[in-house]
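Undergrad:
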Amino acid sequence: MGGEPTMAMNIVCFPNCLPPKVLTEILKGGLEKMKEAECLLIGGHTVQDDEPKYGLSVSGFVHPKKIWKNSTSKVGDALILTKPIGLGIINTAIKGSIASQSEIDDAINTMETLNKYAKKAVENNKINSCTDITGFGLMGHCFEMAKGSNTTFILDSKNIPFIKGAIDYANMGLIPKGCYDNKKYVSNNYKLLNKVDEAIVNTMFNPETSGGLLLSVPKNEVDDILMNLKDTPTKFAVIGEVVEKEEKYLLIK
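Here our numbering runs 13 ahead of the position in the sequence shown, where the first position is 1.
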């Protein structure tokens, strides 16, 4: 983490049963985000497939002394999350045609927001460790960071930002399979310190699409970092702290 994208290539799989205008819109959307990220499109590859798939192969640069690793959290650090979680649950509700338009709009807006803004806002601060919250969910990525740093993360579920509607749909049982896979991955490496609603716990394991950054920072940097993040389009929060390694890597309260 900590680098700047400079160039990218489109990777497209597309079925011939869909009209070409669908592919045009997909490519236009990708190009818009590349421009926003200040990244050049230099080509790409397209193959026929049964299902549409789109992604990018991205190259960039990072100063060797400014790399943010996901295994270097320090005891005493605060944990800051820069986007709400629960997108996988909202996407499941969208597939089931029960998500409201405002929930859909909120989810799309969150996914469209580049982590570029949070990164640039804090790049002059001391960042001990960082990761982005994606397929392994908040809990999976916290587990990787805590284990890699040989520390324990204490997460305060009351401070975690959840995307609109996610907890309600989790209570309805709209839990994507990836949530259960992530629970299996973390398995016995977490513990609830008190009673935490099951829907909240499930959402913490939910796989995210275009999730935010999880920053592990010295506590004396927190006020300045929060002030810097106020000028970004991110919904951020201090969600926990790093302590000496205990029996479990993750403690939830």
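For every residue, glycine included, the Cβ atom is placed at its ideal position computed from N, Cα and C.
The model shown is predicted, which means the values in this text are computed figures rather than measured ones.
Going along the chain, which residues of its own chain have a beta-carbon closer than 8 Å to the beta-carbon of I146, five neighbours each way excluded?
TA: Taking the sequence shown and counting its residues from 1, one reaches residue 146 at position 133. Correct list, in chain order: L94, K96, I98, H154, E221, G224, G225, L226 and L227.
Undergrad: Okay, do the stretch 17-24 and the stretch 45-55 touch, 3+ Cβ pairs below 8 Å being the bar?
TA: Yes, the stretch 17-24 is in contact with the stretch 45-55.
Undergrad: Restricting to Cα atoms, I'd like to know which of E125, T105, K258 and C143 is closest to Y203.
TA: What you label residue 203 is simply residue 190 of the sequence shown in a count that begins at 1. Residue K258 is the option with its Cα nearest to Y203.
Undergrad: Taking all protein chains shown into account, decide if G42 is buried (16 or more other Cβ within 10 angstroms of its Cβ) or exposed.
TA: Counted from its first residue, the sequence shown places residue 42 at position 29. Counting Cβ neighbours within 10 Å, G42 comes out exposed, since fewer than 16 surround it.
Undergrad: With DSSP as the reference, label E167 as helix, strand or coil.
TA: Counting from one through the sequence shown, the residue named residue 167 turns up at place 154. In the sequence as displayed, the identity of residue 167 is Ile instead of Glu. The answer is strand: DSSP assigns I167 an E or B state.
Undergrad: Let me confirm a value: I80 is counted as buried when at least 16 other C-beta atoms fall within 10 Å, else exposed. Which label applies?
TA: Within the sequence shown, numbered from 1, the residue matching residue 80 stands at position 67. So I80 counts as exposed.
Undergrad: Could you tell me whether any non-hydrogen atom of the ligand MG is closer than 8 Å to the CB of K266?
TA: Judged by which ligands are present, the structure shown has none, so any question about the ligand MG falls away.
Undergrad: Given a cut-off of 9 Å on the beta-carbon distance, is the pair G268 and K132 in contact?
TA: Not covered by the structure: residue 268. The range shown for the chain is 14 to 266.
Undergrad: Give the C-beta separation of P32 and D62 to the nearest angstrom, bearing in mind that I take them to be a contact with Cβ-Cβ under 8 Å.
TA: To locate residue 32, count along the sequence shown from 1; it is residue 19. To locate residue 62, count along the sequence shown from 1; it is residue 49. Contact doesn't hold; Cβ gap of about 16 Å is too wide.
Undergrad: Compute the Euclidean distance between the alpha carbons of M217 and K208, then round it to the nearest angstrom.
TA: Translated into the one-based positions of the sequence shown, residue 217 becomes position 204. Translated into the one-based positions of the sequence shown, residue 208 becomes position 195. About 15 Å.
Undergrad: What whole-angstrom Cβ distance do K129 and A50 have, given they're in contact under 8 Å?
TA: Counting from one through the sequence shown, the residue named residue 129 turns up at place 116. Counting from one through the sequence shown, the residue named residue 50 turns up at place 37. The pair is a contact, with the Cβ atoms about 6 Å apart (cut-off 8 Å).
Undergrad: For M240, does the count of other Cβ atoms within 10 angstroms reach 16, so buried, or fall short, so exposed?
TA: Position 227 of the sequence shown, counted from the start, is the residue given in the question as residue 240. The residue in question, M240, is exposed, as its Cβ has fewer than 16 Cβ neighbours within 10 Å.
Undergrad: Could you pull out every unbroken beta strand (DSSP E) segment of at least 3 residues lying fully inside the stretch 133-158, listed in chain order?
TA: Listed in chain order, the complete beta strand (DSSP E) runs (minimum 3 residues) inside the stretch 133-158 are 142-145.
Undergrad: If you run the structure through DSSP and keep just helix, strand and coil, what is K129?
TA: For the purposes of this step, residue 129 is identified with residue 116 of the sequence shown, where counting begins at 1. Of the three classes helix, strand and coil, the one that applies to K129 here is helix, per DSSP.
Undergrad: Could you give the C-beta distance for P231 and N141, rounded to a whole number, given that I count them as a contact under 8 Å?
TA: The count along the sequence shown starts at 1 and reaches residue 231 at position 218. The count along the sequence shown starts at 1 and reaches residue 141 at position 128. Their Cβ separation, rounded to whole angstroms, is 7 Å, which keeps P231 and N141 in contact under 8 Å.
Undergrad: Roughly how many whole angstroms lie between the Cα atoms of I103 and E136?
TA: Translated into the one-based positions of the sequence shown, residue 103 becomes position 90. Translated into the one-based positions of the sequence shown, residue 136 becomes position 123. C-alpha separation (whole angstroms): 31 Å.
Undergrad: Can you confirm whether the stretch 69-88 touches the stretch 160-179 when touching is taken to mean that 3 or more C-beta pairs between the two stretches lie within less than 8 Å?
TA: Contact holds: three or more Cβ-Cβ distances are below 8 Å.
Undergrad: Please return the same chain residues whose Cβ sits closer than 8 Å to the Cβ of V75, not counting the five positions on each side in sequence.
TA: Counted from its first residue, the sequence shown places residue 75 at position 62. If we look at V75 and ignore the five residues flanking it on each side, its Cβ neighbours are G15, G16 and E17.
Undergrad: If you count every other CB in all the chains shown that lies within 10 Å of the CB of E116, and 16 or more means buried, which is it?
TA: By one-based count along the sequence shown, residue 116 stands at place 103. Buried, since its Cβ has 16 or more Cβ neighbours within 10 Å.
Undergrad: Out of I111, M152, S113 and V255, which has the shortest C-alpha to C-alpha gap to K197?
TA: If you number the sequence shown from 1, residue 197 lands on position 184. Per the Cα distances, M152.
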